[in-house]
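K.L.:
In case it helps, mature numbering (1 follows the signal peptide of the UniProt record, and there is no 0) puts the sequence shown at residues -23 to -1, 1 to 125. Ideal Cβ positions, reconstructed from N, Cα and C, are used throughout, including at glycine. Before anything else, here's the structure in question.
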Amino acid sequence: MKRAIIATAFVLLGFVFPGIANAETVPGCASAAQIGSTGYVKYRGDKIASVKQFAGCGHNYGYVYTWESFRAAQAAEGRGWSLQVGVLTYSSASDSEPNAIKGGNSTQYSLKELWGKPANTLNVCTTGYGMVSIQMGDNYTAESSKRC
């Protein structure tokens, strides 16, 4: 009986807190750690993806993770999506417009997550950047917090 109650609680928590993203290890750099706070891509008022930035092994890495609720909804509507990820660079902490994107990576295949390539940006201000492009729709973007 207790197991059934616990199992039901986990299922209900999945509905209350859908799409919680747990980042994986940066490919080729197990010591990398998240820097700054997570940004969230929104579509129709709902969070559909998490955007993070990691630092380690002498580089920064962008990361985007699409939430299960978004992936399921797109599959139900017969639509795919593509992802872009990278690290935006800024001249200073007060700049509001980025001057470049580094370590960019993209895919046209409805992936769950995508890592950016190593960006040699540890000496400048940066944010992680992610974009979700919905098939026959628009582009939705977000950034993690700026780190200098």
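Hey, could you find the ends of the beta strand (DSSP E) residue 45 is sitting in?
P.N.:
Careful: residue 45 lies outside any beta strand (DSSP E), inside the alpha helix (DSSP H) at 45 to 53.
K.L.:
Tell me the rounded alpha-carbon separation between residue 112 and residue 52.
P.N.:
Cα to Cα, residue 112 sits roughly 11 Å from residue 52.
K.L.:
Tell me the rounded alpha-carbon separation between residue 50 and residue 72.
P.N.:
Looking at the two C-alpha atoms, the distance is approximately 37 Å.
K.L.:
Classify residue 24 as helix, strand or coil using the three-state DSSP reduction.
P.N.:
In this structure, residue 24 counts as strand in the three-state DSSP scheme.
K.L.:
If you follow the beta strand (DSSP E) that residue 60 is part of, which residue opens it and which one closes it?
P.N.:
Taken as a continuous stretch (DSSP letters only), the beta strand (DSSP E) holding residue 60 covers 58 to 67.
K.L.:
Does the count of Cβ pairs from the stretch 17 to 25 and the stretch 70 to 89 closer than 8 Å reach three?
P.N.:
With a cut-off of 8 Å, the stretch 70 to 89 and the stretch 17 to 25 do not count as touching, because too few Cβ pairs lie within range.
K.L.:
Using the Cβ count rule (16 or more neighbours within 10 Å means buried), how would you classify residue 99?
P.N.:
Exposed, since its Cβ has fewer than 16 Cβ neighbours within 10 Å.
K.L.:
Alpha carbon to alpha carbon, how far is residue 5 from residue 58? Give it in angstroms, no decimals.
P.N.:
For residue 58 and residue 5, the distance between alpha carbons rounds to 26 Å.
K.L.:
Restricting to Cα atoms, I'd like to know which of 48, 96, 29 and 66 is closest to residue 107.
P.N.:
Taking only the C-alpha atoms, the option nearest residue 107 is 29.
K.L.:
Counting along the chain, where does the beta strand (DSSP E) carrying residue 110 start and finish?
P.N.:
Element bounds for residue 110: 102 to 111.
K.L.:
Quick check on the burial criterion: 16 or more other C-beta atoms within 10 angstroms. Buried or exposed for residue 2?
P.N.:
Residue 2 comes out exposed.
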